[in-house]
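Put into structure tokens, the structure is as follows:
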């Protein structure tokens, strides 16, 4: 983080990319499918 600067263009762009990726994921899969994928990746203990 730059001292004295509230935000940078690169940080805003990174946040926008994260938001667009999340929206795309939510359009493609329903919440149940996402939970199932998460369980397969990290296991039951964390979901």
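Residue numbers (the working numbering): 695 to 741. Where a beta carbon is used, it is the ideal one built from N, C-alpha and C, also for glycine.
In the DSSP assignment, residue 726 falls within the alpha helix (DSSP H) that extends over 725-736.
Annotation for residue 721: the continuous alpha helix (DSSP H) segment containing it runs 703-722. Put simply, the backbone Cα of residue 724 is about 32 Å away from that of residue 703.
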